[in-house]
Amino acid sequence: MSVSSTVLASLLSMIGWILLSALLLNGALWMLQPAMVFHPTRVLVETPADWGLDYEDVELIARDGTLLHGWFIDHPAATHTLLFFHGNAGNISHRGDSIAILQRLGLSVLIIDYRGYGRSGGRPSEAGLYLDAQAAWDHLIDDRRIAPERIILFGRSLGAGVAADLAARVRPAGVILEAGFSSARDMARHLYPVLHHVLLMRYDFDAAARLGQVRAPVLILHSQGDEIVPDALGRRLFAAASEPKRFVTLRGGHNDGFLASQPDYARTLAEFIATLDPSPVAGARD
1403 MSVSSTVLAS LLSMIGWILL SALLLNGALW MLQPAMVFHP TRVLVETPAD WGLDYEDVEL
1463 IARDGTLLHG WFIDHPAATH TLLFFHGNAG NISHRGDSIA ILQRLGLSVL IIDYRGYGRS
1523 GGRPSEAGLY LDAQAAWDHL IDDRRIAPER IILFGRSLGA GVAADLAARV RPAGVILEAG
1583 FSSARDMARH LYPVLHHVLL MRYDFDAAAR LGQVRAPVLI LHSQGDEIVP DALGRRLFAA
1643 ASEPKRFVTL RGGHNDGFLA SQPDYARTLA EFIATLDPSP VAGARD
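Just so you know, the sequence shown maps onto residues 1403 to 1688 in my numbering.
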């Protein structure tokens, strides 16, 4: 065999090993991605009663038959109801600080656990979370007779992608996205600057693309000190949104920015809510 043939054979062998390694790596990461994205816990450590709030247990059935659990925390003077989509870890029982702020702002709140979280059945998936969001919206519209223009969608972290997807399909009063990322691909690019070029993505969560279809006022909040989701991805979300929109910089980290930024955080939410039409709508509530 000539020298050139030997070199070519070695080169082809190396390419083969590289391709095989990439295939095996992608296969392993494909299997691991659910555990990397979703971090649910089943046990509810508290209820709104522990936070001094009256509430209703809510059971919903998603369109694929999955049984979901949530809480409805009413406010007797509410002009709006906020539909809360939490992040990828824990469950609804870990959101007491947020619920307390929203109640002080005069909002009724429906917060649900995605499938696989808390008392909700099933296993989490991107398509499943979107079905869960739709079930929560349908509950407010059909069962509680709340008008769409009286519902605010709120999503934090992973929940921002869920809220953006729902907002692109319905017509809420407004949308609040906090500590959200523009897409799963953008997060992969941040976390794996080299590997993302060859990484097969199992999830989309393209909140930026969905947000471009939303026709409602949008408020985006993001901390410059967010150690998990870079501020740049929050700003990419903002760039994708249509007017009217507002971007607000928070202090603190990914999980505590809403607390570290008080009282400005609550004031910002109050100002945003005030821009939404507060007049009562006939038949909006029973």
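Idealized CB from N, CA, C, for every residue including glycine.
Only a predicted model underlies this, so the values are computations on that prediction, with no experimental measurement involved.
Each residue's CA atom was taken as its position, placing Asp1466 and Ser1495 some 25 Å apart. Take Pro1646, set aside five residues on each side of it, and the residues of its chain with a beta-carbon closer than 8 Å to its own are Pro1619, Val1620, Thr1677, in chain order.
With a cutoff of 9 Å on beta-carbon distance, Glu1528 and Phe1556 are scored as not near each other. According to the DSSP secondary-structure assignment, Val1439 is paired through a beta bridge with no residue. Under the rule that a run must span 4 or more residues, the alpha helix (DSSP H) segments found entirely inside the segment 1618 to 1656 read 1633 to 1642. According to the DSSP assignment, Trp1473 belongs to the beta strand (DSSP E) that extends over 1469 to 1475. Judged by DSSP secondary structure, Ser1500 falls within the alpha helix (DSSP H) whose first and last residues are 1498 to 1506. Contact check for Tyr1532 against Arg1444 fails: the beta carbons are separated by 9 Å or more. The segment 1560 to 1576 and the segment 1479 to 1488 touch, with three or more beta-carbon pairs separated by less than 8 Å.
For a cut-off of 8 Å, the C-beta gap from Ser1500 to Phe1660 is around 7 Å, short enough to register as a contact. Scanning its chain for C-beta atoms nearer than 6 Å, with the 5 sequence neighbours on each side dropped, one finds around Phe1649 the residues Ile1622, Phe1640, in chain order. For secondary structure counted as the beta strand (DSSP E) over 3 or more consecutive residues, the segment 1532 to 1615 holds these complete runs in sequence order: 1553 to 1558, 1576 to 1580. Thr1483 carries a strand assignment under DSSP once its states are collapsed to helix, strand and coil.
Under the DSSP definition of a beta bridge, Asp1515 lacks any partner. With respect to the C-alpha of Ala1437, the residue from Arg1617, Asp1666, Pro1526, Ala1535 having the closest C-alpha is Pro1526. DSSP places Ile1463 inside the beta strand (DSSP E), whose first and last residues are 1458 to 1463. Boundaries of the alpha helix (DSSP H) harbouring Glu1673: 1666 to 1677, taken from the DSSP string. Put simply, of Asp1628, Gly1627, His1656, Ala1611 the residue whose alpha carbon is nearest the alpha carbon of Ala1642 is Ala1611. In the assembly as shown, His1541 is a buried residue. Its beta-carbon has 16 or more other beta-carbons within 10 Å.
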